Structure formats: C-alpha cells, structure tokens
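Counting in our numbering, the sequence shown tops out at residue 384, every number present.
Yeah, the Cβ is synthetic: ideal placement off N, Cα and C, and Gly gets one too.
Computed from a prediction, not measured in an experiment: that's the story for all the values here.
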Amino acid sequence: MSVVFERPSLWRRLQPIFSGFDLPLLAGLVVLGVMGLITMYSAGYDNGSRFADHGRNMLLGLGILFVVAQVPPQRLAQLAVPLYSLGVALLLATALFGITKKGATRWLNVGVVIQPSELMKIAMPLMLAWWFQKREGQLRALDFAAAALLLLVPVGLVVKQPDLGTAILILSGGLYIIYFAGLSWKLILPVLLAGAVAVTAIVLSADRICQDDVTWPLLREYQKHRVCTLLDPTTDPLGKGFHIIQGMIAIGSGGVTGKGFMQGTQTHLEFIPERTTDFVFAAFAEEFGLIGALALITAFTFVLARGLLIANSAPTVFSRLLAGALTMSFFTYAMVNMGMVSGILPVVGIPLPFISYGGTAMVTLGLALGMLMSIAKSRRLIQT
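Have a look at this one:
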C-alpha cells in the first residue's frame, strides 16, 4: 500500500505571506502613491530623472513595507533597545566626527555617507513602546520622566546639528507614545497653555523682537529669521520670504478647480522653489485647485483613521502604542508640510508623504507603514 502526499500549490505556499494585509490601508496608500506619481510627472518631468526616480523610490518603499510586514510585533519589540542604542551612538559620532555641509553637521561616513537622525524616526517610537510595555499595569510618574529623558537625548543631539525638521518628527513620535501610554491631562494642559501664550506673545510683539539687533535665546539666527519671515514674508520678499510668498501665490492661483494637469504657470516657470520636494504641495494645489487639495487631504485622513483603528484593536500594549505613534507621525508629516507651504507654519524642510521626491523619506515611510501593517496582520491572525 503506497501513501500519496499531495504537493501544495504555489499559491497555497505563498498565501501565508500575503494573508492578513489590511486592504483598506493598502488601498489608501495606493491612492496617495498614484497622486504622488501624477504630481511628480507634472512638476519634475523636465527636472532630469525625477519622475522615474520617484517611481523607483515608491517601489523600494513598497518592497520594504512588504518585508517588514512579515516581522511579527514581538520580534519588532526585541529590536527596540538595539536600534535605539545604535541610533544614539551614531548621533554622538556625528557630533564628534560628522560631515558638515552648509553649516549643518548631519551626516556620518561609515564607508557610506548616512544621516543617523533618520534612524531615530523609527527607533524612538519602538523604544518608548517597548519601555511602556515592560511597565504595563505599574506605571508611575518616574516612568514617564524616564521616557521623557529617553526622548530628549536624541532630540537634543539632532537639534544641535542643527536639523529642526527631523527633531520635530522625532519629538512628536515620542510624545505621541507618552500621551497614548496615559500621561495625565493635568500635565499636558499647562504645557499647551504655555505654548499658546508664547505664540500669542511672539505674534503681538513681532515688530520689536524681529529687529536685527535682537537675539533670541536657544535659537540660531536663521531659525529666528524663519519665524519672523512666517509672521511677515514681505519683510524679505526676495530672500527668506520668497519660498512662502511663491507657495501662497501658487496655491491661491489654483482657485477651486485648478489650472489643469501640467498647466501650472508658477510651477513650470520655476517660480516655486523646491517644487518637487518640500514645496510640491504648492505645485499640486496650483494644478488641481481646492478640489484636488481636499481630495489629497481626504486620502491622508483616511489613512490616519485606518491607522488609528488598527492601533485601537491591537492585541498588546506595545503594538497599540507603536501603531498609534506611527500613524500620528504620518499625520505630522502631512500637517507640517502643508502648513509650511501655506504660510501657516515655519519652513522646516519636512517632505509630504508619497508626494515629495526623496529616497530616504520613502525608505522611512516604508519601514513605518510596514510595522503598522505587521500589527494589522497580527491582529487578524489572532482573530482567525
């Protein structure tokens, strides 16, 4: 008597790899990716190989997302301390031996030139999620203080480089974790109130404190100029204010329906600086108008809502905190970029996810969204 074993089909062998993906989240990312490709073709078709490179970067980010999604959250938790330690060590090495360009020491040569601060965008939320997971059910005020210290060390090193945009992203990712872990509103409200008072004071006294002979504490001169230019771009229309003014002109000239695909005069006559990177939203809004901008914001909002839903139903404290922080960090990218291009926030050099050109940013997005997808997969596997 012979026993016959049926060999599983190729699809059956591959099915565990593809199963469990959150299809609504994936659909939202695809919509953003398509919008990014359309925008990059119009804004960058005459800028070398920007469109082809943007497509390549998207495929790279998608590949990273797919690979990271296969790593279970418990394995991600094991990487938290090593990644955080490596990131801080590289930031210290950058401060001591880094490469300086245009007055900023942000890069380190380790055989290849890297920017260690990019690693902390992922390592920081991983570390703090791991920290609070270990203290589940026994949180004390001292635990929040230790978490704040873990956050402020890399943020301080990045601010010193200086790189305010990356520091904001690292700081926000850590603060989201601390908030979701249960930080009391009694501690949050005074900080928010102090921030509101400070912003109001700066706005009301802008004419006096923005004089050339006034020095701002804790801020470099160029950072002071960024804030003062935000308050009144016309004080330096051909210098610091040029980016903001041209961005607002492009957005306003798009009107309700936009000028049409590849018909943006501000974009194609090269009035918009960095039209394929930091200020790509101005190029998008000029050609697709208010309707297009609302469609883009809707797509970002859908991804945000889906990510928070994944976080809410995550099976462990670690995965819940990590998913929430990664989702809100994605929101921060979009909010800060649109805000600075619209003249609401200072220009800090933060890309618009999937729309702006940039290989490093796409890799970081692939890692973050891959971890979010991993958490979604783990939830579905538990349910089945």
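Here the region 324-341 makes no contact with the region 204-213; the two share fewer than three CB pairs at distances below 8 Å.
Under the DSSP assignment, Thr100 falls in the beta strand (DSSP E) whose first and last residues are Ile99 to Lys101.
Non-local C-beta neighbours of Leu308 in its own chain, meaning closer than 6 Å and more than five positions away in sequence, comprise Thr327, ordered along the chain. For Glu274, the closest C-alpha among the options Asn47, Ala104 and Arg75 is that of Asn47. Assignment of Val112 by DSSP, reduced to helix, strand and coil, places it in the coil class. With a cutoff of 9 Å on beta-carbon distance, Gly28 and Gly366 are scored as not near each other. Pairing Ala376 with Pro353 gives a Cβ-Cβ distance that is not under 9 Å. Scanning its chain for C-beta atoms nearer than 6 Å, with the 5 sequence neighbours on each side dropped, one finds around Arg106 the residues Gln115, Gln161 and Asp163, in chain order. In the structure shown, Ala104 adopts extended strand secondary structure according to DSSP, grouped into three states. Taking 4 residues as the shortest admissible run, the region 208-240 contains the following complete alpha helix (DSSP H) segments, listed from N- to C-terminal end: 221-231.
In terms of Cβ geometry, Ala311 and Phe180 form a close pair [threshold 9 Å]. A Cβ-Cβ distance of about 5 Å is found for the pair Val155 and Ala167, placing them in contact under the 8 Å criterion. With a cutoff of 9 Å on beta-carbon distance, Ala69 and Gly370 are scored as near each other.
Between Ile178 and Ala148, the C-beta spacing is below 9 Å.
Between the C-alpha atoms of Gly55 and Tyr45 there is a straight-line separation of about 12 Å. The Cβ neighbour count for Ile291, taken over all protein chains shown within 10 Å, is under 16; the residue is labelled exposed. The residues Thr229, Pro233, Thr234 and Thr235, in chain order, have a CB closer than 7 Å to that of Gly241 in the same chain once the five nearest residues on each side in sequence are set aside.
At the C-beta level, Pro82 and Ser319 stay beyond 9 Å of one another. Comparing alpha-carbon positions, the option among Asp53, Ile297, Gly173 and Glu287 lying closest to Thr39 turns out to be Glu287. When rounded, the separation of the alpha-carbon atoms in Gly165 and Ala285 is 23 Å.
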